[in-house]
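Peer 1:
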Amino acid sequence: VLVVILIFILGVRYGQKVEKTNKTINYLISLPPTKPPLPSIALETKKYLHEGCIVSFMYPAWWKTEKQSTQSADFYFENKSVMTLQCNKTNSSDKPKTNWLTTFQKKDPKTGMMVTISINDSQKNWFQLIEKTFEFTTP
């Protein structure tokens, strides 16, 4: 009789372990597969030199330079203007465009040229790169 009770108890314990294992397996099977990581964009930069304003700085390589003149340049990304560069002999008091953040103005001590760089709010995380690499060059 004791042997039968012992076998019964061992059978119940074994059944509990099997049930626990089955629940774990069912949970693991029900998990959706994880998405593979998205490929990252290479963070390449280019050096820009504007001969009219006599300045240079680094900017993201995927920005395109369009509409250049002797006193200005516009940068575009996905057909949207992301940054403008303007230089005047006088201090510019023009207000920046809507949704634009005027990042800085610097005056060339040699020529007196005031350079204004305005960056679109959507691209303002590139401000530090441009500001830290900004320099007046020799003509």
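Counted from 1, the sequence shown has number 116 at position 80 by my numbering; the numbering is strictly sequential. Using N, Cα and C, we set each Cβ at its ideal position, and we do this for glycine too.
#1: Ignore the nearest five residues each way along the sequence and tell me which others in Glu171's own chain have a CB closer than 8 Å to its CB.
#2: Under the three-state reduction of DSSP, which class applies to Tyr105: helix, strand or coil?
#3: Taking the alpha-carbon positions, what's the Lys142 to Pro73 distance?
#4: Can you tell me whether Ile41 is helix, strand or coil according to DSSP?
#5: Between Glu167 and Thr147, which are expected to be in contact by the criterion C-beta below 8 Å, what is the C-beta distance as a whole number of angstroms?
#6: Using beta-carbon positions only, say whether Thr81 and Pro96 come within less than 8 Å of one another.
#7: Measuring alpha carbon to alpha carbon, tell me which residue in Cys123, Lys100, Asn161 is nearest Ile153.
#8: Does Phe44 pass the burial test, meaning 16 or more other C-beta atoms within 10 Å, or should it be called exposed?
#9: How many angstroms separate the CA atom of Asn62 from the CA atom of Lys56?
#10: Under a three-way DSSP split, which group does Phe140 fall into?
Peer 2: So, to answer that:
#1: Correct list, in chain order: Val91, Ser92, Phe93.
#2: It is Ser, not Tyr, that sits at residue 105 in the sequence shown. Of the three classes helix, strand and coil, the one that applies to Ser105 here is coil, per DSSP.
#3: C-alpha separation (whole angstroms): 42 Å.
#4: Here Ile41 sits in helix by DSSP.
#5: Rounded, the Cβ-Cβ distance is 20 Å, inconsistent with contact.
#6: Going by C-beta atoms, Thr81 is nearer than 8 Å to Pro96.
#7: Nearest option by C-alpha distance: Cys123.
#8: exposed
#9: 10 Å
#10: Of the three classes helix, strand and coil, the one that applies to Phe140 here is strand, per DSSP.
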